[in-house]
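Undergrad: The structure's right below; bear with me while I get my questions together.
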Amino acid sequence: GLNDERSSVGWTVANSGINTGLDVSVFLVSSAVDCVRKYAGAAQLNPLDPTIGEMVDNFMESGGNIMVCPACIKVRGYGPKDLLEGVEIKGAPAMHEMIKDGAATLSF
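Be aware that the sequence shown starts at 3, since it is given in this note's numbering, and climbs by one per residue.
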């Protein structure tokens with residue numbers, strides 16, 4: 003989420019993967035869904051990193067795919083209108099399909 007420096011690390015790793023030519027998808031759960039809320043992008047968890055918004059924008063503009071857990075946004079009172087354009091609300095089966103097709107995974 004927006005209160006944990008690991009979020010910054012996760013977006014850095016995701017962007018690095020995109021920049022090296024990998025096909026990268028991110029599945030956000032729990033408080034991590036806050037990273038893709040509209041107007042949440044000004045958070046800067048590590049003063050040496052860009053803001054979360056800049057990292058998310060770069061990721062999406064470079065072809066990255068972002069999915070968010072439906073239950074995780076629902077419990078926080080969010081809906082599609084609260085999320086950045088292009089973010090998909092999909093459950094775990096969408097991620098599991100990628101893994102079944104051979105995708106490697108990292109977890110932060």
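By construction, the Cβ of each residue, glycine as well, lies at the ideal position given by its N, Cα and C atoms.
Computed from a predicted structure; not experimentally measured.
Assuming C71 and V35 form a contact by the criterion Cβ under 8 angstroms, report the distance between their Cβ atoms to the nearest whole angstrom.
TA: With a Cβ gap of about 7 angstroms, C71 and V35 count as contacting.
Undergrad: If you check the beta carbons only, do V28 and A44 fall under 8 angstroms apart?
TA: For V28 and A44, no; Cβs fall outside 8 angstroms.
Undergrad: One question on the structure: do F110 and V31 come within less than 8 angstroms of each other, judged by their Cβ atoms?
TA: Not a contact, by the Cβ cut-off of 8 angstroms.
Undergrad: Rounded to whole angstroms, what is the Cα-Cα separation between M57 and W13?
TA: Each residue's Cα considered, the two are about 6 angstroms apart.
Undergrad: Excluding the 5 residues flanking I91 on each side, which residues of the same chain have their C-beta closer than 6 angstroms to its C-beta?
TA: Cβ neighbours of I91 beyond the five flanking positions: V70 and P72.
Undergrad: Find the nearest neighbour of V89 within the set N5, S9, S18 and C37, judged by alpha-carbon distance.
TA: Of the candidates N5, S9, S18 and C37, the one whose C-alpha sits nearest the C-alpha of V89 is C37.
Undergrad: So the candidates are S64, A42 and D59; which of them puts its Cα closest to the Cα of T22?
TA: Minimum Cα distance to T22 is reached at S64.
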